Amino acid sequence: MSHHHCAHDADIVSAAIYPPIGVMRVGNSPTEYFIGPEVNQPFAHDNQYYRDATGALKRQAARFRIYGFDAQGNVVKELTADNATITWHARLANQKASWYQFQLALDIPEAAEADPSLLRNATVKDRSTLLIDGGQHSVCGKNQQGSNTRFVGCFEHTSVYLGEMRTDNEGRLVMLGGHGKSANPQGKPAVTFGNNEGWYDDTSDGPITAEVQFAGKSLPVKPAWVVCAPPDYAPMQKSVRTMWDLMRDVAVEANLLAAPGIPSFTHDILPIFQRLTDLQWVNAGFAAGFGWQSPFDFRSEQWLMRLSDPSETWQAARRTLFHNFRNLDTAFSTPNASVNTQSWDPKFTALSVQQWPWLYGDAMSVNANASPRQFVTLTRLQLNALADWVRGEFIADYDPRTVPPQCLADVPLAEQPDMLTRAAMEFCLADAFHPGCEMTWPMRTAGLYSEAFRLRHAVDTAPTHGINYGPVMTSQIALQPDGPILSGQVAGGITRWMAIPWQTDTASCRDGYNLAYDPYLPTFWPARVPNNMLNETNYAKVIDESLPLQTRQQAFNEREFWLDDLPIGPSTNYEAQINSMIDNFADLAIVLPQTKPGDSHFPNTMQVGMTPQKPAALLQTKAKMHTELQHLTASERRPDLSRTDKANRFGGKY
106 MSHHHCAHDA DIVSAAIYPP IGVMRVGNSP TEYFIGPEVN QPFAHDNQYY RDATGALKRQ
166 AARFRIYGFD AQGNVVKELT ADNATITWHA RLANQKASWY QFQLALDIPE AAEADPSLLR
226 NATVKDRSTL LIDGGQHSVC GKNQQGSNTR FVGCFEHTSV YLGEMRTDNE GRLVMLGGHG
286 KSANPQGKPA VTFGNNEGWY DDTSDGPITA EVQFAGKSLP VKPAWVVCAP PDYAPMQKSV
346 RTMWDLMRDV AVEANLLAAP GIPSFTHDIL PIFQRLTDLQ WVNAGFAAGF GWQSPFDFRS
406 EQWLMRLSDP SETWQAARRT LFHNFRNLDT AFSTPNASVN TQSWDPKFTA LSVQQWPWLY
466 GDAMSVNANA SPRQFVTLTR LQLNALADWV RGEFIADYDP RTVPPQCLAD VPLAEQPDML
526 TRAAMEFCLA DAFHPGCEMT WPMRTAGLYS EAFRLRHAVD TAPTHGINYG PVMTSQIALQ
586 PDGPILSGQV AGGITRWMAI PWQTDTASCR DGYNLAYDPY LPTFWPARVP NNMLNETNYA
646 KVIDESLPLQ TRQQAFNERE FWLDDLPIGP STNYEAQINS MIDNFADLAI VLPQTKPGDS
706 HFPNTMQVGM TPQKPAALLQ TKAKMHTELQ HLTASERRPD LSRTDKANRF GGKY
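Shown next as structure tokens:
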């Protein structure tokens, strides 16, 4: 017999900020923004949600809340300006230009074969001029905003705005990042994906802390972190292995979280398959293999019925599907070897692109096919859940009528902190850390965290350009106990490992580097950075039932290259594309669901690349260009990326 414990305010002994890592994203709209996802399956918004009236891209804000806990660690209530006095503190910095180059993730053996990670801008003697320190600011109360809460630093002699802090009408913290302004004060063009000399961008990251007075006492508060990332151009997409999956795996492995029990079909199994199918809207290869009416359309009634049935009827099908997923453990000469092992068995060199997911990995290199890290694998927890599923050991809880919580208020109070954590991290990528979209390889180091999903802060979180780890960053230095990862984080410490500026990397991360094999597969990060999309013109044809079916089918199958929306249009000049991206990142389409119940030949809901309203002249130019290029094949219409340094990170030794 259980007695119902009624939580009282007097029971609150501590507090914690959620999400532990919040994500803001850049946008060029001067004042407008939207709040980033607070549930892990939010409903779809229209183009106006992401763009202002001029077509500029709104920034994604990160909102932070504080929850009060009792001595047993149970949530008692959310603490807001109505029931507590909360003073928020934040600090933002961008250390990219004063940090080291990105060559390859430094926690994998292939890093030894890559070029050394030298200091960026090594000839600049005064390193402090390269560091953009937005300083620390504080805010207290409801609906606060003002000039004293803006984070502004300096790059050489240029003032750089990194963002600002405000509060909403409950006194929760709202963090805004930069406007996507990247520049080289000397006016030199960008030449590479990740390490452009003399450049800065306005991404950043840093600590979020709070002082809380509640019921006459001061509560200890677990701190959080905020990261400013590139825009999310496909807001409804999740990668097959998200940052939440990766961090959860790291936490379980390090005993920071209990190992999960028997998997739920709805929560643990189904998402893996449906994410593969949903990538049909951002990559033409996924559309062919996993998309509408393809062999592996995991949104079809037929597949859903098979996948969700735990009986032996479909066990052979479950096993065969499971064997389609790449499993790194089988690639090593010793069973269950850690991913950091130095040797692998050459007979597994065919652990290749045909296995799922069709995504590049950390050691992607066009000439180095033998590395088992050439492609992405699922996390160990995901593979374990699938192995249980094959045996029929899963909770058969599939109900097509279930509607997931659409806003945080729909989530039971006790589950809100975990939901905020998950919502923030599931829309971040853990695909190829090459270097990645929002965060990169240090995120899989257990010693980075104070607890699951929460970063350990340095004693002093001021940015530390002054600490010089020497002229080269090595795996040894990066992972030593007093090194930049394990000694606690400082402002700018997470984003400094990323590409500079972010636009050149975003425009370099594509699909089909080996055009002789496939122009669309494998691919890098289509869940954030689309490769190919159903454009508005073709969508209009697909839903026009007066057109012949063949015309509509052709329009449905034709996917436009997402980067063709840059003002330079379809271009085979790689440098022209990455530089155009710097200036015009906000003109690219956002892939969003459009619903029109129609006939059975096409899905009722399709995701369509929605661009800002373009002047008629520009649309005419684009149409003309399209006609001129129609006779060219997919590979002739785009740069040969196999020769770029993005695709050749280390020698062809493997």
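Here the sequence shown is numbered in the numbering used here, starting from 106 and rising by one per residue.
Where a beta carbon is used, it is the ideal one built from N, C-alpha and C, also for glycine.
The structure displayed is predicted, hence computed values, not measured ones.
In this chain, Val355 is not harboured by any beta strand (DSSP E); it is covered by the alpha helix (DSSP H) spanning Met348 to Glu358. Rounded to the nearest whole angstrom, the CA to CA distance from Lys701 to Leu652 is 16 angstroms. If you ignore the 5 residues before and after Val257, its C-beta comes within less than 8 angstroms of the C-beta of Gly239, Gly240, Ser264, Val265, Tyr266 and Leu267, all in its own chain and listed in chain order. Distances from the CA of Asp151 to each of Arg742, Val647, Gln735 and Gly714 were compared; the closest alpha carbon is that of Gly714.
For Ser323, there is no enclosing alpha helix (DSSP H); the residue is part of the beta strand (DSSP E) that begins and ends at Lys322 to Leu324. As the crow flies, the alpha-carbon of Tyr625 is around 4 angstroms from that of Gly617.
Apart from the 5 residues on each side of it in sequence, Pro568 sits with its Cβ closer than 7 angstroms to the Cβ of Ala198, Gln200, Leu236, Asp238, Val595, Ala596 and Gly597 in its chain, given in chain order. Using a Cβ distance threshold of 8 angstroms, Ala195 and Met280 count as a contacting pair. Unbroken alpha helix (DSSP H) stretches of 4 residues or longer found wholly inside the stretch 382 to 419: 389 to 395 and 406 to 412, given in chain order. Contact between Gly311 and Val331 is confirmed by a C-beta separation of about 6 angstroms, below the 8 angstroms threshold. Restricted to the stretch 605 to 658, the beta strand (DSSP E) segments that are unbroken, complete and at least 3 residues in length are 637 to 640, listed in chain order.
As the crow flies, the alpha-carbon of Arg431 is around 17 angstroms from that of Ala422. Here DSSP, grouped into helix, strand and coil, assigns Ala537 to coil. If you draw a straight line from the Cα of Ala339 to the Cα of Ile599, it is about 23 angstroms long. The C-alpha of Ile374 lies about 10 angstroms from the C-alpha of Asp493. In summary, Gly282 is buried, with 16 or more beta-carbon neighbours lying within 10 Å of its beta-carbon over all protein chains present. DSSP places Met280 in no alpha helix (DSSP H) but in the uninterrupted beta strand (DSSP E) bounded by Leu278 to Leu281.
The C-beta distance from Ser243 to Thr192 rounds to 6 angstroms, short enough to fall under 8 angstroms. In this chain, the beta strand (DSSP E) harbouring Leu184 covers Val180 to Leu184.
For Glu556, the enclosing beta strand (DSSP E) stretches over residues Tyr554 to Glu556. Per the C-alpha coordinates, the member of Val118, Glu665, Trp630 and Thr732 positioned closest to Gly321 is Val118. Taking C-beta separations shorter than 7 angstroms and ignoring five residues to either side along the sequence, the partners of Arg664 in its chain run Ala389, Ala392, Asn637, Met638 and Leu639, following chain order. The three-state secondary structure of Val495, taken from DSSP, is helix. Taking the Cα of Gln398 as reference, the smallest distance to any Cα among Arg743, Ser705 and Lys163 is reached at Ser705. The beta carbons of Met686 and Gln608 sit closer together than 8 angstroms. In this structure, the straight-line span from the alpha carbon of Asp623 to that of Ser747 is close to 12 angstroms. In the structure shown, Arg743 falls within a coil segment according to DSSP collapsed to helix, strand and coil.
Excluding the 5 residues flanking it on each side, Met578 has same chain C-beta neighbours closer than 6 angstroms at Tyr205 and Ser222, in chain order. Residue Asp273 holds the alpha-carbon nearest to the alpha-carbon of Ala167 among Val229, Asp273 and Leu486.
The secondary-structure analysis by DSSP pairs Met686 with nothing; it has no beta-bridge partner. Looking from the CA of Phe139, the closest CA among Phe174, Asp157, Pro415 and Ile122 belongs to Asp157. The C-alpha of Lys163 lies about 12 angstroms from the C-alpha of Ile695.
As DSSP reads the structure, Val332 sits in a beta bridge with Val128 and Asp310.
For Tyr155, the secondary structure class from DSSP, reduced to helix, strand or coil, is helix. Counting every other CB atom within 10 Å of its CB across the protein chains shown gives Asp354 a total of 16 or more, marking it as buried.
Distance from the CA atom of Ser676 to the CA atom of His562, rounded to whole angstroms, is 45 angstroms.
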